[in-house]
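Chemist:
Numbering (the working numbering), first residue to last: 33 to 609.
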């Protein structure tokens, strides 16, 4: 083992002498078999169950009206609708778990059945990082959006960072963002300052918004600041924001949230526990549908990023959904009830696309920001993988991902290649006709794009993903690397609240043989590490290339951390410099 440690350290320090190894793993692409009669019967029953639970809603009623013909879009560009749930688990979608949770999600499953489903798609360990990876096309270390900021914090999406919305707006798209953003709450961080024409939604974790309703919060605030109003002005969150991008500069400055800038901003009030019950279906989704309809009426393609509040804790929900889920699990299954509501809400959107005749001309993506927060059960989701949100085991970062584009993405595709949120940036830009987006960002913003174009993989033109490796970050710490089937952990974190533990020798798994990272004992991983120590050199090459790109194109800002254990020591050391 001493020789192994020396080999590892030597290779990482002297990587210029290493030869690049072949770490590619062929990605398997095939079509799912047709469901059996029993599976079809179960699915039909589940769809009937969903319709029964939502018969007061348009998604649960039969549509007798003729389909409204869509207006031709300028340039023939596809509409792009990216739908994200929050903290959605693999096991909570029946397209992945095939009914093991009891209930089914037929509306979300439609996207997979009518398009492609991905098994090796990666988000990030936290909400902010996952969202930043998508909208910037980068590992979050580049934007500094590696973890969650605090209300009023200067940490947020900066003007120097790329934005998919800005890229698409340049080529004629009407761009809208509805639902959770979580990329900073100062005015310069708002989506309408980063290429979106309109934004309506919340800026924080869902549970953060209800903190002010706690009596403990109110009592502490009064004691700390003298009165609650003063405390709220200093530490409280903003409400649900509605903002519109404009061409005129507004120099009005809020002492905490900064200059308004070229946008109109309205705070529609706090996202209270009561408001949370039907926030998605009654406020977020109707505004998104109106936005898409206006774009369609104007003959403009739309890019909409629709981020629901489900399923982040805590699950504030109407009793009817709890009564519905108890047929399958338990009256205490808050998460299951929320998933039934979430699936119903996504059905509203898909039905609307059908009604407007837009389904065939719209790329629909469904995914989520990070793995499930399983430790918050029964409010948390479920995953078959080891770990959870805020870890870089597979359970923290491997997430559901589906893509539908009728006529381009063959229905029923199962794609097993490695892919990340940053790749959606480049892939969707390419679908919109921007074939050189990475080069554009280098020229215009001096920003390196990590995302690869996987459109040929989605459509079946090629059989392998354009990505053959991926880096795992926890906050600003590089904790693991995957190359083909092989994953090396340099540091591990067992659950949401655990410490990050560095490893002298990497912990290695073959994710094809052991996708759940369960083959774990001193003897087992030691034996495997000795067998595949030859992978260290090609891994070092990939790491060196990544580090070189960070050197040539430095991060726009430093990230932050929840770890406060060294704050005094760091302050003293900085003061001495």
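By construction, the Cβ of each residue, glycine as well, lies at the ideal position given by its N, Cα and C atoms.
Determine, using beta-carbon pairs with one atom in the region 416–431 and one in the region 442–450, whether at least three such pairs fall under 8 Å.
Modeler: The region 416–431 vs the region 442–450: no contact.
Chemist: Name the residue from 212, 562, 299, 156 whose alpha carbon lies nearest to the alpha carbon of residue 115.
Modeler: Counted from its first residue, the chain shown places residue 115 at position 83. Per the Cα distances, 212.
Chemist: Should the region 579–599 be called in touch with the region 185–197, which here means at least 3 C-beta pairs below 8 Å?
Modeler: Cβ pair count under 8 Å is three or more, so yes.
Chemist: For residue 120 and residue 451, I'd like the C-alpha separation in whole angstroms.
Modeler: Translated into the one-based positions of the chain shown, residue 120 becomes position 88. Translated into the one-based positions of the chain shown, residue 451 becomes position 419. If you take the alpha carbons of residue 120 and residue 451, they lie about 18 Å apart.
Chemist: Hey, residue 160 and residue 222 are a contact pair by Cβ (cut 8 Å); roughly how many whole angstroms apart?
Modeler: By one-based count along the chain shown, residue 160 stands at place 128. By one-based count along the chain shown, residue 222 stands at place 190. Not a contact, Cβ separation roughly 15 Å.
Chemist: On the DSSP letters alone, give me the boundaries of the alpha helix (DSSP H) that residue 247 sits inside.
Modeler: For the purposes of this step, residue 247 is taken as the residue at position 215 of the chain shown. Residues 247–257.
Chemist: Below 8 Å on the Cβ atoms is my contact criterion, and I expect residue 540 with residue 519 to pass it. Report the Cβ-Cβ distance as a whole number of Å.
Modeler: Translated into the one-based positions of the chain shown, residue 540 becomes position 508. Translated into the one-based positions of the chain shown, residue 519 becomes position 487. About 7 Å separates the two Cβ atoms, so the contact holds.
Chemist: Quick one: what's got a C-beta closer than 6 Å to residue 313's C-beta in the same chain, skipping five residues either side?
Modeler: As a working mapping, residue 313 is identified with position 281 in the chain shown. 377.
Chemist: Whole angstroms are fine: how far does the CA of residue 297 sit from the CA of residue 230?
Modeler: Counting from one through the chain shown, the residue named residue 230 turns up at place 198. Counting from one through the chain shown, the residue named residue 297 turns up at place 265. Roughly 10 Å between the two C-alpha positions.
Chemist: Would DSSP call residue 69 helix, strand or coil?
Modeler: Residue 69 sits at position 37 when you count from the first residue of the chain shown. For residue 69, the pLDDT reaches just 41, beneath the cut-off of 50, and the residue's location in the model is therefore unreliable, although a value from the coordinates is still provided. It is helical.
Chemist: Any contact of the region 337–348 with the region 229–247, i.e. 3+ C-beta pairs under 8 Å?
Modeler: Yes: the two stretches touch, three or more of their Cβ pairs being nearer than 8 Å.
Chemist: Can you tell me which residues form a DSSP beta bridge with residue 451?
Modeler: One-based indexing of the chain shown puts residue 451 at position 419. Answer is 153.
Chemist: Quick one: any contact between the region 479–492 and the region 153–172, if contact means 3 or more CB pairs under 8 Å?
Modeler: Counting Cβ pairs under 8 Å, three or more are found: they touch.
Chemist: Over what stretch of residues does the beta strand (DSSP E) that includes residue 322 continue unbroken?
Modeler: As a working mapping, residue 322 is identified with position 290 in the chain shown. Element bounds for residue 322: not the beta strand (DSSP E) but the alpha helix (DSSP H), 317–329.
Chemist: From 295, 317, 218, pick the residue whose C-alpha is nearest to that of residue 271; which is it?
Modeler: Residue 271 sits at position 239 when you count from the first residue of the chain shown. Nearest option by C-alpha distance: 218.
Chemist: At 3 residues or longer, and completely inside the region 124–171: list those beta strand (DSSP E) runs for me, N to C.
Modeler: Here the runs fully enclosed are 148–150.
Chemist: Looking at the unbroken alpha helix (DSSP H) that takes in residue 307, where does it start and where does it end?
Modeler: As a first step, residue 307 must be located in the chain shown, where it is residue number 275. 305–308 is the span of the alpha helix (DSSP H), which, as asked, contains residue 307.
Chemist: Is DSSP giving residue 228 helix, strand or coil here?
Modeler: By 1-based counting over the chain shown, the position of residue 228 is 196. Three-state DSSP puts residue 228 in coil, outside helix and strand.
Chemist: Is the separation between the beta-carbon of residue 370 and that of residue 349 shorter than 7 Å?
Modeler: Start at 1 with the first residue of the chain shown, and residue 370 comes out as number 338. Start at 1 with the first residue of the chain shown, and residue 349 comes out as number 317. Contact flag set, yes.
Chemist: May I ask you to report which of helix, strand or coil DSSP gives residue 45?
Modeler: For the purposes of this step, residue 45 is taken as the residue at position 13 of the chain shown. Confidence in residue 45 is poor, its pLDDT being 39 and thus under 50, which makes the residue's placement unreliable; the coordinate value appears in the next sentence. In the structure shown, residue 45 sits in a helix (DSSP, three-state: H, G or I).
Chemist: Quick one: using the 10 Å Cβ neighbour count with 16 as the cut-off for buried, is residue 287 buried or exposed?
Modeler: For this step, residue 287 is matched to residue 255 along the chain shown. Counting Cβ neighbours within 10 Å, residue 287 comes out exposed, since fewer than 16 surround it.
Chemist: May I ask you to list the residues that DSSP assigns as paired with residue 339?
Modeler: The count along the chain shown starts at 1 and reaches residue 339 at position 307. According to DSSP, which records beta bridges pairwise, residue 339 is partnered with 116, 211.
Chemist: Cutting at 6 Å between CB atoms, please list the residues of its own chain near residue 494, excluding the five before and the five after it.
Modeler: Along the chain shown, one-based indexing puts residue 494 at 462. Answer for residue 494: 488, listed in chain order.
Chemist: In whole angstroms, what separates the C-alpha of residue 417 from that of residue 351?
Modeler: As a working note, residue 417 is residue 385 in the chain shown. As a working note, residue 351 is residue 319 in the chain shown. Straight-line Cα distance between these residues: approximately 31 Å.
Chemist: Quick check on this structure: which residue in 124, 569, 112, 108 has the alpha carbon closest to the alpha carbon of residue 375?
Modeler: Residue numbering aside, residue 375 sits at position 343 when the chain shown is read from its first letter. Nearest C-alpha to residue 375: 124.
Chemist: To the nearest angstrom, how far is the alpha carbon of residue 394 from that of residue 252?
Modeler: For the purposes of this step, residue 394 is taken as the residue at position 362 of the chain shown. For the purposes of this step, residue 252 is taken as the residue at position 220 of the chain shown. Roughly 49 Å separates the two Cα atoms.
Chemist: Once DSSP output is grouped into helix, strand and coil, what is the label at residue 57?
Modeler: As a first step, residue 57 is located in the chain shown; it is residue number 25 there, counting from the start. Since pLDDT at residue 57 reaches only 39, below the 50 mark, its modelled position is unreliable, and no value is offered.
Chemist: Helix, strand or coil for residue 479? Go by DSSP, reduced to three states.
Modeler: Mapped onto the chain shown, residue 479 falls at position 447. The answer is coil: DSSP assigns residue 479 none of H, G, I, E or B.
Chemist: Between residue 535 and residue 513, what straight-line distance do the alpha-carbon atoms span, to the nearest angstrom?
Modeler: If you number the chain shown from 1, residue 535 lands on position 503. If you number the chain shown from 1, residue 513 lands on position 481. Roughly 14 Å separates the two Cα atoms.
Chemist: DSSP three-state label for residue 236, please.
Modeler: As a position in the chain shown, residue 236 is number 204, starting the count at 1. Residue 236 falls in the coil class under three-state DSSP.
Chemist: Judging by CA-CA distance, which residue of 548, 379, 155, 302 is the nearest neighbour of residue 505?
Modeler: As a working note, residue 505 is residue 473 in the chain shown. When each option's Cα is compared against that of residue 505, the closest is 155.
Chemist: When the Cα atoms are used, what is the spatial distance from residue 421 to residue 414?
Modeler: Taking the first residue of the chain shown as 1, we reach residue 421 at position 389. Taking the first residue of the chain shown as 1, we reach residue 414 at position 382. Using only the alpha carbons, I get a separation of about 11 Å.
Chemist: Kindly list the residues whose CB is nearer than 7 Å to the CB of residue 473, restricted to its own chain and excluding five residues on each side of it in sequence; keep chain order.
Modeler: Here residue 473 refers to the residue found at position 441 when the chain shown is read from its first residue. Hits under 7 Å: 194, 479, 481.
Chemist: Taking residue 404 as the reference, give the member of 323, 147, 566, 158 with the closest Cα.
Modeler: The sequence position of residue 404 within the chain shown is 372, counting from 1. Among 323, 147, 566, 158, the Cα nearest to that of residue 404 belongs to 158.
Chemist: CA-CA distance, residue 256 and residue 273?
Modeler: In the chain shown, counting from the first residue as 1, residue 256 sits at position 224. In the chain shown, counting from the first residue as 1, residue 273 sits at position 241. In a straight line, the C-alpha of residue 256 is about 27 Å away from that of residue 273.
Chemist: Is it true that the CB of residue 207 sits closer than 7 Å to the CB of residue 335?
Modeler: To locate residue 335, count along the chain shown from 1; it is residue 303. To locate residue 207, count along the chain shown from 1; it is residue 175. The answer is yes: Cβ separation under 7 Å.
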